[in-house]
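Asker: Residue numbers (my numbering): 7 to 444. Glycine residues also receive a C-beta, built at the ideal position from the N, C-alpha and C atoms. No experiment lies behind these values; they were computed from the predicted model shown.
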Ligand code: XUL
Ligand code: CO
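#1: Would you give the residue range spanned by the beta strand (DSSP E) that residue 428 belongs to?
#2: Hey, how far is the Cα of residue 326 from the Cα of residue 279?
#3: If we ignore side chains and look at the alpha-carbon of each, how far apart do residue 7 and residue 176 end up?
#4: Within 10 angstroms of its Cβ, does residue 436 collect 16 or more other Cβ (buried), or is it exposed?
#5: Using the three-state DSSP reduction, which class does residue 242 fall into: helix, strand or coil?
#6: Taking 8 Å as the line, does the beta carbon of residue 90 fall inside it for any heavy atom of the ligand XUL?
#7: State buried or exposed for residue 227, treating a residue as buried only when at least 16 other CB atoms are found within 10 Å of its CB.
#8: Between which two residues does the beta strand (DSSP E) carrying residue 302 extend?
#9: How far does the beta strand (DSSP E) with residue 139 in it reach, from first residue to last?
#10: Kindly indicate which residue of 338, 179, 315 and 230 has the alpha-carbon position closest to the one of residue 293.
#11: So, does the region 86-93 touch the region 124-141, judging by three or more C-beta pairs under 8 Å?
#12: Quick one: any contact between the region 214-221 and the region 249-265, if contact means 3 or more CB pairs under 8 Å?
#13: Measuring alpha carbon to alpha carbon, tell me which residue in 141, 347 and 385 is nearest residue 187.
#14: Residue 283: beta carbon under 8 Å from a heavy atom of the ligand XUL?
#15: Quick check: the Cα distance between residue 199 and residue 191, rounded to an integer number of angstroms?
#16: Taking the straight line between their C-alpha atoms, what separation do you get for residue 165 and residue 210?
#17: Taking 8 Å as the cut-off, is the CB of residue 145 close to at least one heavy atom of the ligand CO?
#18: What three-state label does DSSP hand residue 183 in the structure shown?
#19: For residue 272, write down the residues that DSSP places opposite it in a beta bridge.
#20: Would you check whether the ligand XUL has a heavy atom nearer than 8 Å to the C-beta of residue 107?
#21: Compute every distance between the C-beta of residue 238 and the non-hydrogen atoms of the ligand CO, then say whether any falls below 8 Å.
#22: In terms of residues, what are the limits of the beta strand (DSSP E) holding residue 105?
#23: Where residue 30 and residue 18 are concerned, what is the direct C-alpha to C-alpha distance, given to the nearest angstrom?
#24: Short check: CB of residue 283 to CB of residue 238, under 9 Å?
#25: Can you give me the C-alpha to C-alpha distance between residue 104 and residue 442, rounded to a whole angstrom?
#26: In its own chain, which residues sit with a C-beta less than 7 Å from the C-beta of residue 286, not counting the 5 before and 5 after it?
#27: Mind checking whether the beta-carbon of residue 59 lies closer than 8 Å to any heavy atom of the ligand XUL?
#28: Closer than 5 Å from C-beta to any heavy atom of the ligand CO: which residues, in chain order?
#29: Apart from the five residues on each side of it in sequence, which residues of its chain come closer than 7 Å, Cβ to Cβ, to residue 244?
#30: Please name the residue, chosen from 414, 61 and 429, that lies closest to residue 422 on a Cα-to-Cα basis.
#31: Assess, as a yes-or-no matter, whether the region 346-353 is touched by the region 382-402 under the definition of 3 or more beta carbon pairs within less than 8 Å.
#32: Is residue 153 close to the ligand XUL? I mean its beta-carbon at under 8 Å from any heavy atom of the ligand.
#33: Strictly by DSSP, which residues pair up with residue 64?
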């Protein structure tokens, strides 16, 4: 079955003048930038679910893709066949990292015991494939939102037995991630929210979530997993109100449970826009709060108000995001996961390659732009001079917690002049960005 991609040769870097649609024009994995290779900076990952599990169905119609491994029963043989295809794809794309949910890869299970056994089976198989190809795991996760048992939430379910099932899934997915050498583990609270307040105890549910994430962290330390744990914020969809709506909300939640040094965030730009923010706002917020982790690089559609999970193609948006990611120190355990799917009419093997080649080339260009912006950091220099007053005198005293309200009031009265407004230079700064986007 892995013959599905046989007509596509391994993708190589050919440079921007190449006319080959199946070559990288900008993604030159070994190119050095700021002391690291492009591959080390970006840590690109391909996701299992959108590429190898989804058959093109939507709420109005069934699957449209012609993938030979779809259809039939999801037993161990077909789970292995899907793994063969996935690793064949990774290898032809140059062995980026990969990401997966437990149920993406394993054979379907009817009971908790079968769940554990089927996951263990495919983890063995994946381990073999990783060894053969050199592909690494960026992060693992558990899908606790698709099965009907989770319709009212996983850890936030009114029924503690559902939370126990969620515990079983996370325990085993976390251990699988650890065993496969994953750099991180993601908790996306798919249904950790509510549809109507009429049937919901909001305070109780948040307490359940707080205890659950604390138990995940305890287990991480117990098994010696050295990777990171990241919560992926999203304001709504599938539930109307999600408890992890954006980076700021997640930070407040982590603080409330003493987890702010244990758990970070996996930011997805379309989740940011659904929350009324832009991509770089969420990145810089996470930097400011010390919880930046990883990115699911995709985009929404500006005219649609839902999560369209499209491959990224906006050079300016991604240049800005990478500028702030680099300003924050760059990726450590995190990376650039494409949590994105081709459109429903893009049904061929070729489309999966066009999508990933384009997205990797886009990030390569955005990275080069961001590096150039940092090397001649007009934005940073402007911000530094704008806030220079806080480095000494009364400003510093206030930040150090040594000034009083009264003292500051007296200072004002002594000077007896209203501070002069200063230009924020927005248009100049926007020009700096426009010039850098190449
Ligand atoms: C859903 C989403 C998920 C998470 C992993 O919007 O982004 O795919 O990334 O569960
Ligand atoms: Co995501």
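Answerer: In terms of the structure at hand:
#1: Position 422 of the chain shown, counting from 1, holds the residue named residue 428. Annotation for residue 428: no beta strand (DSSP E) segment contains it, and DSSP assigns it neither H nor E.
#2: Looking up residue 326 in the chain shown gives position 320. Looking up residue 279 in the chain shown gives position 273. Cα to Cα, the separation comes out at about 15 Å.
#3: Translated into the one-based positions of the chain shown, residue 7 becomes position 1. Translated into the one-based positions of the chain shown, residue 176 becomes position 170. In this prediction, residue 7 has a pLDDT of 48, which is less than 50 and means its spatial position is unreliable; nothing more can be read from the coordinates.
#4: Here residue 436 is taken as the residue at index 430 of the chain shown, counted from 1. By the C-beta density criterion, residue 436 is exposed, having fewer than 16 other C-beta atoms within 10 angstroms.
#5: Taking the chain shown and counting its residues from 1, one reaches residue 242 at position 236. Reduced to three states, the DSSP call for residue 242 is coil.
#6: For the purposes of this step, residue 90 is taken as the residue at position 84 of the chain shown. Result no, Cβ not under 8 Å from the ligand XUL.
#7: Here residue 227 refers to the residue found at position 221 of the chain shown. With fewer than 16 Cβ atoms within 10 Å of its Cβ, residue 227 is classed as exposed.
#8: Looking up residue 302 in the chain shown gives position 296. Element bounds for residue 302: 298-302.
#9: If you number the chain shown from 1, residue 139 lands on position 133. Boundaries around residue 139 are those of the alpha helix (DSSP H), 118-139, since no beta strand (DSSP E) includes it.
#10: As a first step, residue 293 is located in the chain shown; it is residue number 287 there, counting from the start. For the residues 338, 179, 315 and 230, the minimum Cα distance to residue 293 belongs to 338.
#11: With the cut-off at 8 Å, the region 86-93 and the region 124-141 touch.
#12: The answer is yes - the region 249-265 touches the region 214-221, with three or more Cβ pairs under 8 Å.
#13: Your numbering for residue 187 matches position 181 in the chain shown. It is 141.
#14: What you label residue 283 is simply residue 277 of the chain shown in a count that begins at 1. Every heavy atom of the ligand XUL is 8 Å or more from the Cβ of residue 283, so no.
#15: For the purposes of this step, residue 199 is taken as the residue at position 193 of the chain shown. For the purposes of this step, residue 191 is taken as the residue at position 185 of the chain shown. If you take the alpha carbons of residue 199 and residue 191, they lie about 21 Å apart.
#16: Residue mapping note: residue 165 aligns to position 159 of the chain shown, counting from 1. Residue mapping note: residue 210 aligns to position 204 of the chain shown, counting from 1. Their Cα atoms are separated by approximately 12 Å.
#17: Taking the first residue of the chain shown as position 1, residue 145 is located at position 139. Taking 8 Å as the cut-off, one finds no heavy atom of the ligand CO near enough to the beta carbon of residue 145.
#18: For the purposes of this step, residue 183 is taken as residue 177 along the chain shown, with counting starting at 1. Of the three classes helix, strand and coil, the one that applies to residue 183 here is helix, per DSSP.
#19: Counted from its first residue, the chain shown places residue 272 at position 266. According to DSSP, which records beta bridges pairwise, residue 272 is partnered with 300.
#20: Here residue 107 refers to the residue found at position 101 when the chain shown is read from its first residue. The ligand XUL has a heavy atom closer than 8 Å to the beta-carbon of residue 107.
#21: Within the chain shown, residue 238 is the residue found at index 232, counting from 1. At a cut-off of 8 Å, the beta-carbon of residue 238 counts as near the ligand CO: some heavy atom of the ligand is closer than that.
#22: Mapped onto the chain shown, residue 105 falls at position 99. Annotation: the continuous beta strand (DSSP E) that includes residue 105 extends over 103-107.
#23: The sequence position of residue 30 within the chain shown is 24, counting from 1. The sequence position of residue 18 within the chain shown is 12, counting from 1. Going by the C-alpha atoms only, they are around 6 Å apart.
#24: As a first step, residue 283 is located in the chain shown; it is residue number 277 there, counting from the start. As a first step, residue 238 is located in the chain shown; it is residue number 232 there, counting from the start. Not closer than 9 Å, so no.
#25: One-based indexing of the chain shown puts residue 104 at position 98. One-based indexing of the chain shown puts residue 442 at position 436. Straight-line Cα distance between these residues: approximately 31 Å.
#26: What you label residue 286 is simply residue 280 of the chain shown in a count that begins at 1. In its chain, beyond the 5 residues on either side, 326, 327 and 330 have a beta carbon closer than 7 Å to the beta carbon of residue 286.
#27: What you label residue 59 is simply residue 53 of the chain shown in a count that begins at 1. Outside the cutoff, so no.
#28: Around the ligand CO, the residues selected by a Cβ distance under 5 Å to any of its heavy atoms are 274, 302 and 345, following chain order.
#29: As a working note, residue 244 is residue 238 in the chain shown. Result list for residue 244: 151, 196 and 197, in chain order.
#30: As a first step, residue 422 is located in the chain shown; it is residue number 416 there, counting from the start. Closest by alpha carbon: 414.
#31: Short answer: they don't touch.
#32: Here residue 153 refers to the residue found at position 147 when the chain shown is read from its first residue. The answer is no for residue 153.
#33: As a first step, residue 64 must be located in the chain shown, where it is residue number 58. DSSP, once it has assigned bridges, lists 67 as partnering residue 64.
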